[in-house]
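J.:
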Amino acid sequence: MRVATMTSLFRECRETKDFTGYIESMHRCKEAGFSVLDLNMCAMLNRQTELNGDDWIKNAENIRNEAEKLGITFSQSHPPYRPFKGAYFKSTEEKERFDELTRRAIHVSSILGVKWAVMHPVTEIDKAEYNLQADLAANHENFDKVVEQAAKENVGIAFENMCDRDNRRRFGATAEELIELVDSYKGAPVGVCWDTGHGHRVYTNQIPALEKLGSRVKALHINDNFGQDDLHLLPFLGTIPWEKVMKTLTKIGYEGDLVYEIRINNYMPEGLKIPSARFSVDVGNYLLSLC
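Written as structure tokens, this is what we have:
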């Protein structure tokens, strides 16, 4: 297990509305002490990345080449996800655009050698709410082609555990639902990305859920909170019992990386971003010592 972070750690700029691009983010992550990254592509949905234009393949190859020079490995990625509006889109155009972004994100993941691309499962709210079979059918309708493409490009799909939102139940919030979804793919390269912050919001104690998922856990989103809002805090700034979480990851034989999804730098002045990121590396190394 290696300490890793999403490229979005340096994306936001306090002083301006600009964003930091992938290559510059990689350099900053490396300077802070990270050599393993998750390529966060969520901003593609808002047309705010170098991967949105017609030269996206060239830009992806440039990211790969620069990563090789820096000695950086991409073990995970986070393709764009739809806003929580149910399993379906308002228009054919909206769906086609999202499908194209997803195909593009999977191909970029393949170019960078990503092992697991993290996707948000969908929730059926139009045809049959709170119905396991309807939720499974909606997810297969939305993701079967994604899983097929990813398998051909040597990328696994890891479905992330969700948490309730907008006073609505979300499919994939429980270990049991994720097990049903993953196992329904019958041997395809599909697993679970466990988001510790989501788990802390859903469960009083997320340890039994992790144990139940076992070897299905292929990826992680590591962040902390107080069991309520999705704050994406650095570990130990919230109330997650990290000693128990780390021992459980060892117990279930987790083979991936310890990947941060934190907002420690979102509002930091430029001069403090590298020091705060270095501190997060120290925290990550301490987490590893708990295994």
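Using the working numbering, read the sequence shown as starting at 244 and increasing by one per residue.
Where a beta carbon is used, it is the ideal one built from N, C-alpha and C, also for glycine.
(1) Thr316 bridges to which residues according to DSSP?
(2) Is the separation between the beta-carbon of Phe253 and that of Lys455 shorter than 9 Å?
(3) Which partner residues does Val539 have in the DSSP bridge list?
(4) If Thr250 sits next to Met269, beta carbons under 8 Å apart, how far is it from one beta carbon to the other, in whole angstroms?
(5) To the nearest angstrom, how far is the alpha carbon of Glu420 from that of Gly514?
(6) Around the C-beta of Ala371, are 16 or more other C-beta atoms found within 10 angstroms, so that it is buried, or is it exposed?
(7) Considering only heavy atoms of the ligand ATP, does any lie closer than 8 Å to the CB of Val488?
(8) State yes or no: is the C-beta of Leu533 within less than 9 Å of the C-beta of Ile505?
(9) Kindly indicate which residue of Trp359, Ser519, Asn385, Gly496 has the alpha-carbon position closest to the one of Phe317.
(10) Within a Cβ cutoff of 7 Å, which residues of the same chain sit near Val524, ignoring the five residues on either side of it in sequence?
(11) Would you mind stating whether Asn466 and Thr491 have Cβ atoms separated by less than 9 Å?
(12) Nearest to His363 by alpha carbon, out of Lys301, Asn404, Val502?
T.: The short version:
(1) Val279
(2) Taking C-beta atoms as the reference points, Phe253 and Lys455 fail to come closer than 9 Å.
(3) A query on residue 539 cannot be resolved here, the shown segment of the chain reaching from 244 to 534 and no further.
(4) 7 Å
(5) 44 Å
(6) exposed
(7) With respect to the ligand ATP, the structure offers nothing, as it holds no ligand at all.
(8) At the C-beta level, Leu533 and Ile505 stay beyond 9 Å of one another.
(9) Trp359
(10) The beta carbon of Val524 lies closer than 7 Å to those of Val246, Ala275, Gly276, Phe277 in the same chain, with the five residues before and after it left out.
(11) no
(12) Ranking Lys301, Asn404, Val502 by Cα distance to His363 puts Asn404 first.
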